[in-house]
Amino acid sequence: MKTLSIDMRLAGPGDAAAIADAHRNAWMHAYSGIIPYRALTRMVERRGESWWRKATRGPATILVAEVAGQVAGYASLGYNRARVLPHEGEIYELYLRPEYQGIGLGYQLFHEARRILRSLGCNGMVVWCLEDSEIAANFFRTNGGTDAVEGMEDFDDVHLKKLGFIWN
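Here this note's numbering is used: the first residue of the sequence shown is 308, the next is one more, and so on.
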């Protein structure tokens, strides 16, 4: 019998190509039909391997979920960027390649990201998602988040509502 290894670890510059590929697949799957095609394509193309290589050296913490040696998803996290909220931590992004969704890997990645934020001394946290992204909104609700704040994101000429989920 083979054992399948699942690891959560901090990303390094050598992970940039794999994260870029996971990002492209996850975003196209999650946002096709929600974010206008041209805007979505530009956003994905802007975040290629070199962008992720720089990001792994930046101020945000990037965590990867690795299944049998392949980057299946990632989370980026750090201090809350919305200073009007009292929550100190924020998960900026949490995405899985489509083939790894629905098997509990997102739950593991989410809870590891929360653990890291707590280890940084963050009291409470926020996560934002587009309101039309029902799968994401349901994921955050299921994991104890309260959709307490709202905002807007502009994609070309389309204005989309975003929800801010909070944890105290």
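In this text, a Cβ means the ideal position worked out from N, Cα and C, and glycines have one as well. Only a predicted model underlies this, so the values are computations on that prediction, with no experimental measurement involved.
Check each candidate in I341, I326 and E356 and name the one with the smallest Cα separation from E400.
The sequence position of residue 400 within the sequence shown is 93, counting from 1. Answer by Cα proximity: I326.
Specify, as a first and last residue, the run of the beta strand (DSSP E) that Y381 falls within.
The residue given as residue 381 occupies position 74 in the sequence shown. Segment Q377 to Y386, the beta strand (DSSP E) holding Y381.
My parser needs the alpha helix (DSSP H) runs of 4 or more residues fully inside the region 414–450; what are they?
List check, alpha helix (DSSP H) in window: 441–449.
Are the CB atoms of E419 and K469 within a distance shorter than 9 Å?
Residue mapping note: residue 469 aligns to position 162 of the sequence shown, counting from 1. Residue mapping note: residue 419 aligns to position 112 of the sequence shown, counting from 1. No. Outside cutoff.
Just mark N387 as buried or exposed, buried being the case when its beta carbon has 16 or more other beta carbons within 10 Å.
In the sequence shown, the residue the question calls residue 387 occupies position 80. By the neighbour-count rule (16 or more Cβ atoms within 10 Å), N387 is buried.
Assuming A455 contacts I442 (C-beta within less than 8 Å), just tell me the rounded distance between them.
Walking along the sequence shown from the start, residue 455 turns up at place 148. Walking along the sequence shown from the start, residue 442 turns up at place 135. About 20 Å; that fails the 8 Å criterion.
Rounded to whole angstroms, what is the Cα-Cα separation between I313 and I410?
In the sequence shown, counting from the first residue as 1, residue 313 sits at position 6. In the sequence shown, counting from the first residue as 1, residue 410 sits at position 103. Spanning the two alpha carbons is a distance of roughly 12 Å.
Helix, strand or coil: how does DSSP classify A389 here?
For the purposes of this step, residue 389 is taken as residue 82 along the sequence shown, with counting starting at 1. A389: coil per DSSP, three-state reduction.
Does DSSP put L311 in a helix, a strand or coil?
Residue numbering aside, residue 311 sits at position 4 when the sequence shown is read from its first letter. The answer is coil: DSSP assigns L311 none of H, G, I, E or B.
Taking G376 as the reference, give the member of E460, R448, M315 and Q408 with the closest Cα.
Sequence index remark: in the sequence shown, residue 376 carries index 69 (1-based). Minimum Cα distance to G376 is reached at M315.
If A367 and L403 are in contact, beta carbons under 8 Å, what's the gap, nearest whole angstrom?
Position 60 of the sequence shown, counted from the start, is the residue given in the question as residue 367. Position 96 of the sequence shown, counted from the start, is the residue given in the question as residue 403. That belief does not hold up - the Cβ atoms of A367 and L403 are roughly 18 Å apart, past 8 Å.
Starting from T348, follow the alpha helix (DSSP H) in both directions and report where the run begins and ends.
On the sequence shown, residue 348 is found 41 positions in, with the first residue counted as 1. T348 -> alpha helix (DSSP H) spans Y344 to R353.
With DSSP collapsed to three states, give me the class of E457.
Counting from 1 along the sequence shown, the entry for residue 457 is found at position 150. The answer is strand: DSSP assigns E457 an E or B state.
Would you list the one or two residues that DSSP bridges to S372?
By one-based count along the sequence shown, residue 372 stands at place 65. First, the amino acid is wrong: residue 372 is Ala here, not Ser. M315 and G380.
List the residues that DSSP assigns as beta-bridge partners of S339.
Counted from its first residue, the sequence shown places residue 339 at position 32. In the DSSP output, where bridge partners are listed per residue, S339 has I342.
Answer with buried or exposed for V434, where buried requires no fewer than 16 other C-beta atoms within 10 angstroms of its C-beta.
To locate residue 434, count along the sequence shown from 1; it is residue 127. That one is buried.
Of all the options F447, A329, G428 and P320, which has the alpha carbon lying nearest to the alpha carbon of R360?
By one-based count along the sequence shown, residue 360 stands at place 53. For R360, the nearest C-alpha among the options comes from P320.
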